[in-house]
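Read through the structure below, which is laid out as structure tokens, and then see the notes.
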């Protein structure tokens, strides 16, 4: 999608903010935090620096807003996949697929493939995003497998780690289709998780 708007376009404040986030997200995903300037973001968005600063008082504030937006999107996708069916095998595949769909947008790098986590607040937000996903998975595992909360969290952390590793690997190896990659990982996970008895 072309996120660069006509310089003459008049947008409402929420629309302008959304546009700036879209432009900045693509830029940060490509160039990283430290090498990118607010001036270059404003230029790419077709606005002046004062307009950009009206919405985001600093580059750090803009980056944090993007991390929060990406976090909400990932959690929404995974939660929707888990709650969309009562079939656990379908849940496993749906959760893996949610990670792959999320990684089709280059802004996934803000959460998974960035070296900018030296900033403690950013690192905490990213960790919270990953933890939120693991907790959603753990809740279902605990309910269905009859495991302790600690045991369910351990398995959920493994599921999350495999999903992230597989999806980020796939981004750089497009010779395998997303569907095939999701199927392989889902089969691997199900052979492990399917071994736990369901408690009805």
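In UniProt numbering, the protein residues as written are 1 to 200. Just so you know, even glycine gets a beta-carbon here, dropped at the ideal spot from N, CA and C.
The beta carbon of residue 164 sits closer than 7 Å to those of 99, 112, all from its chain and outside the five residues before and after it, given in chain order.
Across the structure, residue 62 and residue 37 are spaced so that their CA atoms are roughly 11 Å apart. Assigned with DSSP and collapsed to three states, residue 10 falls in coil, not helix or strand.
Residue 142 and residue 149 have their C-alpha atoms spaced approximately 6 Å apart.
DSSP, read as helix, strand or coil, puts residue 104 in coil. Per DSSP, reduced to three states, the secondary structure at residue 34 is coil, with no helix or strand assignment. Excluding residues up to 5 positions away in sequence, 99, 100, 103 lie with their Cβ nearer than 6 Å to the Cβ of residue 167 in the same chain.
As the crow flies, the alpha-carbon of residue 124 is around 12 Å from that of residue 71. Residue 56 sits in coil when the DSSP states are folded into three classes, being neither helix nor strand. Rounded to whole angstroms, the separation of the alpha carbons of residue 95 and residue 160 is 9 Å.
Selection 128, 24, 171 evaluated against residue 58 yields 24 as nearest (Cα-Cα). In the same chain as residue 69, and ignoring 5 residues on each side of it, the C-beta atoms closer than 7 Å to its own belong to 21, in chain order. Annotation for residue 89: 190 place their beta carbon closer than 6 Å to its own, counting only its chain and skipping 5 residues before and after.
Non-local beta-carbon contacts of residue 170 in its own chain, meaning distances under 8 Å to residues more than five positions away in sequence, involve 100, 103, 176, 178, 181 in chain order.
Each residue's CA atom was taken as its position, placing residue 119 and residue 139 some 30 Å apart. In the structure shown, residue 47 falls within a coil segment according to DSSP collapsed to helix, strand and coil. When secondary structure is reduced to three states using DSSP, residue 127 falls in the helix class. Here the C-alpha atom of residue 11 lies approximately 47 Å from the C-alpha atom of residue 187. Scanning 42, 19, 192, 67 for the CA closest to the CA of residue 121 turns up 67.
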